[in-house]
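Enquirer: Here it is, the structure in full.
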Amino acid sequence: MRGTNQSSVSEFVLLGLSRQPQQQQLLFVLFLSMYLATVLGNLLLILAVSTDSRLHTPMYFFLGNLSFVDVCFSSTTTPKMLANHVLGIQTISFSGCFTQLYFLSVLAGMDNFLLAVMAYDRFVAVCHPLHYMTKMTHQLCVLLVAGSWVVANLSALLHLLPLARLSFCADNTIPNFFCDVTPLLKLSCSDTHLNEMMILIAAGPIMIAPFICILVSYVFIACAVLRVPLTKGIWKAFSTCGSHLAVVFLFYGTIIALYLNPSSSHSAEKDTTATVFYTVVTPMLNPFIYSLRNRDLKRALGKVIGRKTCS
């Protein structure tokens, strides 16, 4: 079978997080609660940003897009796991596996780009406050988000199309609750050197370049803040950086632990923990992190919740 592009595997078995019935029940309740919190929190944030005219600014425009991506990101994996538990099955079809992997790649790329764009937005707000509205125009914001979608899709196709041509002719069990690149490459009975090279070429720069952009932006922000006395306007712009940095550390910390470490240091337990964190936990925490110290956003959320309660 080595060297062919035909696969004798029609489906994969997702082992999930535990094989103990009691633990499975607990994990089902936990993941269902986290998924509902993710959807509810992010949709409320999107609704607050879209209905409050005071939040129609570039920062909240990007934040609303990030919340939309987080809802989609979590919905790519968690509902399938919950449905498998209810139906008592552990399988996912070959095409379903690669469809899931495609959307995961695109949405992870979008998270990556949006965090970089939001860092640039904070850089302009802190370092060039007088020119903020002329630089961060609505047309530029839309162009940045649209361009991110295009690049994320092209990057995903670039390293997933060669992956779909691999042969899977023996073991078909994936030690996780969704399809991921690393276990699929281990299961393949084809030569995977080209795939590993394509992942480095396509995914490596896509992850590293935005991260460098974030670091450079915050270096300039720190220099600007330390160089001049903090006025109220600059402090308000700078205060939003803390929430963004917290999300950046959560996202990139798990990505680096999962994908940028040598394959010899990987283990099923560590990989599963990291994937749970960045596919389920991080999207759930994002709306809470951003609204925790943001008075404008808390005020808008209060109005949305109050309106829903009254109706």
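For the sequence shown, this note's numbering gives the first residue as 15, with consecutive numbering after it.
Built from N, CA and C at the ideal position, the CB exists for glycine as well.
1) Give me the DSSP bridge partner(s) of Thr105.
2) Helix, strand or coil for Thr187 per DSSP?
3) Buried or exposed: which applies to Phe182, given that a residue is buried once 16 or more other Cβ atoms fall within 10 Å of its Cβ?
4) Measure the Cβ-Cβ separation of Leu59 and Pro301 and say whether it is below 9 Å.
5) Just to check my reading of the structure: Ala122 and Leu172 have Cβ atoms closer than 8 Å, yes? What is that Cβ distance to the nearest angstrom?
6) In angstroms with no decimal places, state the Cα-to-Cα distance between Leu29 and Ala139.
7) Where does Thr268 land, buried or exposed, given buried means 16+ other C-beta within 10 angstroms?
8) For His145, name the three-state secondary structure that DSSP assigns.
9) According to DSSP, is Phe291 helix, strand or coil?
10) Assess, as a yes-or-no matter, whether the stretch 149-158 is touched by the stretch 98-105 under the definition of 3 or more beta carbon pairs within less than 8 Å.
11) Just confirm the distance between the C-beta atoms of Val295 and Phe45, as a whole number of angstroms; I'd bet it's less than 8 Å.
12) If contacts are defined as beta-carbon pairs under 8 Å, then Cys31 and Phe191 qualify, I think. What distance do you get, rounded to the angstrom?
13) Going by beta-carbon coordinates alone, are Phe225 and Tyr266 separated by less than 9 Å?
14) Label Pro72 either buried or exposed according to how many other C-beta atoms from any shown protein chain fall within 10 Å of its C-beta, with 16 as the threshold for buried.
15) Straight-line CA distance for Gly17 to Ala314?
16) Using beta-carbon positions only, say whether Met147 and Leu80 come within less than 9 Å of one another.
17) For Ser88, I'd like the list of residues in its chain whose CB is within less than 7 Å of its CB, leaving aside the five on either flank, ordered along the chain.
18) Comparing alpha-carbon positions, which option in Pro197, Asp84, Val318, Arg241 lies nearest Leu299?
19) With H, G and I counted as helix, E and B as strand and the rest as coil, what does DSSP make of Arg16?
20) For Gln20 and Ser109, what's the separation of their Cα atoms in angstroms?
21) Between which residues of its own chain and His70 is the CB-CB distance below 7 Å, once the five residues before and five after are set aside?
22) I'd like to check one pair, Phe26 with Leu201: are the Cβ atoms closer than 9 Å?
23) Our contact map puts Ala130 next to Cys237 with C-beta atoms below 8 Å; I'd like the distance itself, whole angstroms only.
24) Cutting at 7 Å between CB atoms, please list the residues of its own chain near Lys312, excluding the five before and the five after it.
25) Give me the Cα-Cα distance between Ser107 and His258, rounded to the nearest whole angstrom.
Expert: Well, looking at it:
1) Position 91 of the sequence shown holds residue 105. Val27.
2) Along the sequence shown, read from residue 1 onward, the residue named residue 187 stands at position 173. It is a strand residue.
3) Your numbering for residue 182 matches position 168 in the sequence shown. That one is buried.
4) By 1-based counting over the sequence shown, the position of residue 59 is 45. By 1-based counting over the sequence shown, the position of residue 301 is 287. Contact: yes.
5) In the sequence shown, residue 122 corresponds to position 108, counting from 1. In the sequence shown, residue 172 corresponds to position 158, counting from 1. That belief does not hold up - the Cβ atoms of Ala122 and Leu172 are roughly 14 Å apart, past 8 Å.
6) One-based indexing of the sequence shown puts residue 29 at position 15. One-based indexing of the sequence shown puts residue 139 at position 125. Rounded to the nearest angstrom, the two C-alpha atoms are 47 Å apart.
7) Within the sequence shown, numbered from 1, the residue matching residue 268 stands at position 254. The residue is buried, with at least 16 neighbouring Cβ atoms inside 10 Å.
8) The residue labelled residue 145 in the question sits at position 131 within the sequence shown. Helix at His145.
9) Taking the first residue of the sequence shown as 1, we reach residue 291 at position 277. Three-state result, Phe291: helix.
10) no
11) The count along the sequence shown starts at 1 and reaches residue 295 at position 281. The count along the sequence shown starts at 1 and reaches residue 45 at position 31. Actually they are not in contact, since the Cβ atoms of Val295 and Phe45 sit about 10 Å apart, beyond 8 Å.
12) Indexing the sequence shown from 1 puts residue 31 at position 17. Indexing the sequence shown from 1 puts residue 191 at position 177. Looking at the sequence shown, residue 31 is not Cys but Leu. Contact holds; Cβ gap of about 6 Å.
13) As a first step, residue 225 must be located in the sequence shown, where it is residue number 211. As a first step, residue 266 must be located in the sequence shown, where it is residue number 252. Their beta carbons are under 9 Å apart, which means Phe225 touches Tyr266 by this criterion.
14) Translated into positions along the sequence shown, residue 72 becomes position 58. Result: buried.
15) By one-based count along the sequence shown, residue 17 stands at place 3. By one-based count along the sequence shown, residue 314 stands at place 300. At Gly17 the pLDDT is 41, less than 50, meaning the model places this residue with poor confidence; the figure from the coordinates comes in the next sentence. The alpha-carbon atoms of Gly17 and Ala314 are separated by roughly 58 Å.
16) Counting from 1 along the sequence shown, the entry for residue 147 is found at position 133. Counting from 1 along the sequence shown, the entry for residue 80 is found at position 66. No; because the gap between Cβ atoms is not below 9 Å, this pair is not in contact.
17) Residue numbering aside, residue 88 sits at position 74 when the sequence shown is read from its first letter. So the qualifying residues of the chain are Tyr49, Thr52, Thr293, Val294, Pro297.
18) Walking along the sequence shown from the start, residue 299 turns up at place 285. When each option's Cα is compared against that of Leu299, the closest is Asp84.
19) Walking along the sequence shown from the start, residue 16 turns up at place 2. Residue confidence is low: Arg16 scores 41 on pLDDT, short of 50, so the model does not pin down where it sits. No coordinate-derived value is stated.
20) Taking the first residue of the sequence shown as position 1, residue 20 is located at position 6. Taking the first residue of the sequence shown as position 1, residue 109 is located at position 95. Confidence in Gln20 is poor, its pLDDT being 45 and thus under 50, which makes the residue's placement too unreliable to answer from.
21) Position 56 of the sequence shown holds residue 70. Excluding sequence neighbours, His70 sits near nothing in its chain.
22) Locating residue 201 in the sequence shown gives position 187, counting from the first residue. Locating residue 26 in the sequence shown gives position 12, counting from the first residue. Yes, the pair counts as a contact, with Cβ atoms nearer than the cut-off.
23) As a first step, residue 130 must be located in the sequence shown, where it is residue number 116. As a first step, residue 237 must be located in the sequence shown, where it is residue number 223. With 8 Å as the limit, Ala130 and Cys237 do not qualify as a contact, their Cβ atoms being about 19 Å apart.
24) Taking the first residue of the sequence shown as 1, we reach residue 312 at position 298. Around Lys312: Ser305.
25) By one-based count along the sequence shown, residue 107 stands at place 93. By one-based count along the sequence shown, residue 258 stands at place 244. C-alpha separation (whole angstroms): 37 Å.
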